[in-house]
Amino acid sequence: MKESFPFYSLKIIGGNTYHHHGDILRTTAEVLHIGESADCEVRYGNTAGYYATILKDEDGEGWHLVKRSPHIDVTIAGEGEFGYVCQLKDGDVISFGNHRMTLQFLVGPSKAPSFRGTIVEHRTPHLTLFYSLFILLTVIVLGLVWWQYKERKNAEISMEDIREMESSIYLIKVDSVQWICSVNEDDSVLRRKTLSESEDVIGTAFLTDDGKLITARHCIEYWLGNQFDLRIPIDSLEEINRWAILTENYNMGYSAADDTLWQIRVFCSVFAKENQSKPVFHFCSTDDSVHINKQHDELIPLADLSHCYYWRTIRPYFMNREMELGDIAYVDVPVKGNIPMAEIEQLKAISNKNSLAVYGFPITDASGVADKKMVFAKAQMKQDTIGLMSNFMFEANINHGYSGGPVFAKTDDGIVVVGVVSRADLRSNETFKWAVPISEIIQMDKERKEEQK
Amino acid sequence: MRNKILTLHSIAGYAMEIAIWKMLRDICKCLETRGLGLEVIDERCCLSPGVIQVDGDEFRIIKATLPNEELEKFLAPETEKKSLNLETALVWSIGALVCYMSSGHYVFGGRGGEYQRRHPAVGLPVLRKEHETLTNIVHRCMQYHPTERITLSELKMLSDQGYKRCLEEVAHNTFRIEEDVRRYDNENMQEQGMSSSSHFWPEEM
Numbered sequence: 068m069k070e071s072f073p074f075y076s077l078k079i080i081g082g083n084t085y086h087h088h089g090d091i092l093r094t095t096a097e098v099l100h101i102g103e104s105a106d107c108e109v110r111y112g113n114t115a116g117y118y119a120t121i122l123k124d125e126d127g128e129g130w131h132l133v134k135r136s137p138h139i140d141v142t143i144a145g146e147g148e149f150g151y152v153c154q155l156k157d158g159d160v161i162s163f164g165n166h167r168m169t170l171q172f173l174v175g176p177s178k179a180p181s182f183r184g185t186i187v188e189h190r191t192p193h194l195t196l197f198y199s200l201f202i203l204l205t206v207i208v209l210g211l212v213w214w215q216y217k218e219r220k221n222a223e224i225s226m227e228d229i230r231e232m233e234s235s236i237y238l239i240k241v242d243s244v245q246w247i248c249s250v251n252e253d254d255s256v257l258r259r260k261t262l263s264e265s266e267d268v269i270g271t272a273f274l275t276d277d278g279k280l281i282t283a284r285h286c287i288e289y290w291l292g293n294q295f296d297l298r299i300p301i302d303s304l305e306e307i308n309r310w311a312i313l314t315e316n317y318n319m320g321y322s323a324a325d326d327t328l329w330q331i332r333v334f335c336s337v338f339a340k341e342n343q344s345k346p347v348f349h350f351c352s353t354d355d356s357v358h359i360n361k362q363h364d365e366l367i368p369l370a371d372l373s374h375c376y377y378w379r380t381i382r383p384y385f386m387n388r389e390m391e392l393g394d395i396a397y398v399d400v401p402v403k404g405n406i407p408m409a410e411i412e413q414l415k416a417i418s419n420k421n422s423l424a425v426y427g428f429p430i431t432d433a434s435g436v437a438d439k440k441m442v443f444a445k446a447q448m449k450q451d452t453i454g455l456m457s458n459f460m461f462e463a464n465i466n467h468g469y470s471g472g473p474v475f476a477k478t479d480d481g482i483v484v485v486g487v488v489s490r491a492d493l494r495s496n497e498t499f500k501w502a503v504p505i506s507e508i509i510q511m512d513k514e515r516k517e518e519q520k
Numbered sequence: 544m545r546n547k548i549l550t551l552h553s554i555a556g557y558a559m560e561i562a563i564w565k566m567l568r569d570i571c572k573c574l575e576t577r578g579l580g581l582e583v584i585d586e587r588c589c590l591s592p593g594v595i596q597v598d599g600d601e602f603r604i605i606k607a608t609l610p611n612e613e614l615e616k617f618l619a620p621e622t623e624k625k626s627l628n629l630e631t632a633l634v635w636s637i638g639a640l641v642c643y644m645s646s647g648h649y650v651f652g653g654r655g656g657e658y659q660r661r662h663p664a665v666g667l668p669v670l671r672k673e674h675e676t677l678t679n680i681v682h683r684c685m686q687y688h689p690t691e692r693i694t695l696s697e698l699k700m701l702s703d704q705g706y707k708r709c710l711e712e713v714a715h716n717t718f719r720i721e722e723d724v725r726r727y728d729n730e731n732m733q734e735q736g737m738s739s740s741s742h743f744w745p746e747e748m
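Spelled out as structure tokens, the structure:
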């Protein structure tokens, strides 16, 4: 049984003034003229005359092409020139004389068309290709954005994630400071002086799941980052600064008695969030239980016309970031918290794709008095990865009081502490802060245990 | 495969003058070669479009079973008479075929020679003004009185002449038209900013 196709199409190949390359004429007409006359559906010029006419077969089962001009050769690709009439079949490419534009005859489909007469579908392959590429690129970009969003969402820390660790985060406060001169051999105190006006020094500390109470060293030895004017005579300096300078000098031999040891002793109290009137822990900075790494400290000679003074600092400089690693201290306490420290491998895997969070007791009062409320702040690392040999910078809207607090990161194994909030340096500002990587604690602990053996 | 047989119906009304001359020439030649008693010719001495195959630029008389309605449109007015002259009746049929091929319409509104028999003084069909020579031939073929009609041999001679003249005209004019086409295409390409290299790009590009 023969199929009956109610319409056919002519695809324009090449194009001219009247037709674009890629256009498709669909027609149900029984007669379609091709030529130069105005009534030609397919036009090759603007004069007059017909090149050919496509007619429906007498039996209605197909179409044939009748040549109308003896001057224009009509050829079908692959079959050459024909005489006066030629039966058309699907896919025939018809050309007329020397015209560049050719027509491809396409039949079907056999279903009834939704139009009558002749319609033109403008199809420009260039635009089709362009639109396809545009849509493809849009899909890819949207996919990437969605993927990034999902990744970030997965890595983002929420307040709820850290809620159960809140009980292991403490407020640390300096109670008093003493300047002590003792004899090296028997550690007996020869002289003792207590700071008359102690500053309200506060910071944050946290208790790890292996019983380490960790804070920043400058939360205890708060003078380490101080700056002062060298032109001011040493006797006129603030008392704590003068003590610090003289302590270094005396211990380096600028003392009347060589067997004496000079120390600044700081007494600290650690408070829980729930009850900040009764300390949870007490410790003294010169106790053996307080572990501080002074290897990264810098002793700066301060030239004076009459004397040379030495100034110990962990103040971060542009040129020497390793020095900042010293801004960390921990105490072994007899209880365990619930904050896990990151393993070295976990630290290495942390990148700027991981969002961070910090927790602490910010000083929000203009007078410098802490409101003693624990605040959660989201943070974002500004480096690609965490370098174990240097501090890492992060962005967070935090201020004083967060020092010594934990920097959390979300890993595949859960929430871990990756650093300890340190100080700002000349590069950082209110939003950019430094943190000491938690690997420093791990390393100090490891070295200490090896020494004990 | 293009195996469908296309007859004169497929080009009726759209045929070029040269095709009509060729048809006349081929039919006359065929009748001359195979004789008037050609078996395919209807027993009532009629040639109709359905028995003339168009194969490329050749016309052939073929055997076909056609309905009476079609045959009657090409029957000479004297067909009913017993004393039938085969040649003159065929000539009348050929004249009607030329009319049909040129205009796409049947003579005398499709009523054939019967109408002419009833109205002997009826005017004969006139073809397009470009086909003036053909109109003269049609008139000579379709004369009511068989004796006044053109003979088959003369018709063959005239068709030979007409076909050759057309061929010469085509040869003369084709070169000029091809030049026009070339110039027109070049102008188009310049207008559209297309270079000749655009031929080389695949369609998808």
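These protein sequence lines are chains R and W, in that order. All residue numbers in the first sequence are consecutive under the numbering used here, ending with 520. All residue numbers in the second sequence are consecutive under the numbering used here, ending with 748. Cβ atoms here follow ideal geometry from the backbone N, Cα and C, with glycine treated the same way. Please read all numbers here as calculations on a predicted model, not as lab measurements.
Euclidean distance between Cα positions of residue i and residue j
i: Glu711(W); j: Tyr198(R); result: 53 angstroms
i: Thr185(R); j: Tyr117(R); result: 18 angstroms
i: Lys156(R); j: Asn113(R); result: 29 angstroms
i: Lys547(W); j: Phe602(W); result: 15 angstroms
i: Thr676(W); j: Ala714(W); result: 20 angstroms
i: Asn360(R); j: Gly292(R); result: 16 angstroms
i: Asp394(R); j: Lys520(R); result: 26 angstroms
i: Asp569(W); j: Leu579(W); result: 14 angstroms
i: Ala520(W); j: Ile80(R); result: Only positions 544 to 748 of chain W appear in this structure, which leaves residue 520(W) out of reach.
i: Val474(R); j: Gly486(R); result: 5 angstroms
i: Glu575(W); j: Leu670(W); result: 26 angstroms
i: Gln510(R); j: Val484(R); result: 15 angstroms
i: His166(R); j: Glu146(R); result: 18 angstroms
i: Asp228(R); j: Asn342(R); result: 23 angstroms
i: Asp302(R); j: Ile381(R); result: 23 angstroms
i: Ala476(R); j: Arg230(R); result: 14 angstroms
i: Met386(R); j: Arg379(R); result: In this prediction, Met386(R) has a pLDDT of 48, which is less than 50 and means its spatial position is unreliable; nothing more can be read from the coordinates.
i: Ala144(R); j: Asp159(R); result: 7 angstroms
i: Ile402(R); j: Gly210(R); result: Reading off the sequence shown, one finds Val at residue 402(R), where the question assumed Ile. Rounded to the nearest angstrom, the two C-alpha atoms are 48 angstroms apart.
i: Tyr770(W); j: Glu691(W); result: Summary: the structure shown does not reach residue 770(W), with chain W confined to residues 544 through 748, and so no result is reported for it.
i: Ile307(R); j: Leu366(R); result: 17 angstroms
Test item: CB-CB of residue i and residue j under 7 angstroms
i: Gly593(W); j: Leu618(W); result: no
i: Leu132(R); j: Ile139(R); result: no
i: Ala424(R); j: Ile224(R); result: yes
i: Val347(R); j: Val357(R); result: no
i: Cys589(W); j: Ser636(W); result: yes
i: Val488(R); j: Gly472(R); result: yes
i: Ala339(R); j: Tyr216(R); result: no
i: Val484(W); j: Cys684(W); result: There is no way to answer for residue 484(W), as the model of chain W reaches only from 544 to 748.
i: Leu614(W); j: Ser591(W); result: yes
i: Val681(W); j: Tyr151(R); result: no
i: Ala283(R); j: Ser470(R); result: yes
i: Pro620(W); j: Arg660(W); result: yes
i: Gly599(W); j: Phe149(R); result: yes
i: Pro429(R); j: Asn466(R); result: yes
i: Trp310(R); j: Trp246(R); result: yes
i: Ile595(W); j: Pro137(R); result: no
i: Ser174(R); j: Asp90(R); result: For the sequence presented, residue 174(R) should be read as Val rather than Ser. In this structure, Asp90(R) does not lie closer than 7 angstroms to Val174(R) by Cβ.
i: Gln171(R); j: Lys78(R); result: yes
Integer-rounded CB distance, given that residue j should sit under 8 angstroms from residue i
i: Gly404(R); j: Leu274(R); result: 3 angstroms
i: Leu257(R); j: Tyr397(R); result: Incorrect: roughly 30 angstroms between the Cβ atoms, too far for contact.
i: Val442(R); j: Gly278(R); result: Not really, about 25 angstroms apart at Cβ, beyond 8 angstroms.
i: Tyr377(R); j: Met448(R); result: Not really, about 36 angstroms apart at Cβ, beyond 8 angstroms.
i: Tyr111(R); j: Met168(R); result: 7 angstroms
Which whole runs of the alpha helix (DSSP H) in the region 305 to 346 of chain R are 4 residues long or more, in chain order? Qualifying alpha helix (DSSP H) stretches, in chain order: 306 to 318.
Answer yes if the region 329 to 336 of chain R comes into contact with the region 347 to 354 of chain R, meaning at least three C-beta pairs across the two stretches below 8 angstroms, and no otherwise. A contact exists between the region 347 to 354 of chain R and the region 329 to 336 of chain R.
Using 8 angstroms as the threshold, is the region 461 to 470 of chain R in touch with the region 499 to 510 of chain R, meaning 3 or more CB pairs across them? A contact exists between the region 461 to 470 of chain R and the region 499 to 510 of chain R.
Using 8 angstroms as the threshold, is the region 409 to 425 of chain R in touch with the region 550 to 565 of chain W, meaning 3 or more CB pairs across them? Touching, no, given that fewer than three Cβ pairs across the two stretches are closer than 8 angstroms.
Spell out a yes or no on whether the region 234 to 245 of chain R and the region 267 to 275 of chain R are touching, meaning 3 or more CB-CB pairs, one atom from each, closer than 8 angstroms. Contact holds: three or more Cβ-Cβ distances are below 8 angstroms.
Taking 8 angstroms as the threshold, find out whether the region 702 to 711 of chain W comes into contact with the region 563 to 574 of chain W through three or more Cβ pairs. The region 702 to 711 of chain W is in contact with the region 563 to 574 of chain W.
Between the region 644 to 661 of chain W and the region 691 to 700 of chain W, are three or more C-beta pairs nearer than 8 angstroms? No, the region 644 to 661 of chain W does not touch the region 691 to 700 of chain W.
Name, going along the chain, the residues of the region 160 to 175 of chain R whose beta-carbon falls closer than 8 angstroms to a beta-carbon of chain B. Absent from the structure is chain B; the protein chains it does hold are R and W.
Sequence ranges, beta strand (DSSP E) only - wholly within the region 556 to 635 of chain W, length at least 3: With a minimum length of 3 residues, the continuous beta strand (DSSP E) runs that stay inside the region 556 to 635 of chain W are 595 to 598, 601 to 604.
Output the residue ranges of the beta strand (DSSP E) runs that lie fully inside the region 641 to 718 of chain W and measure 3 residues or longer, sorted by chain position. List check, beta strand (DSSP E) in window: nothing returned.
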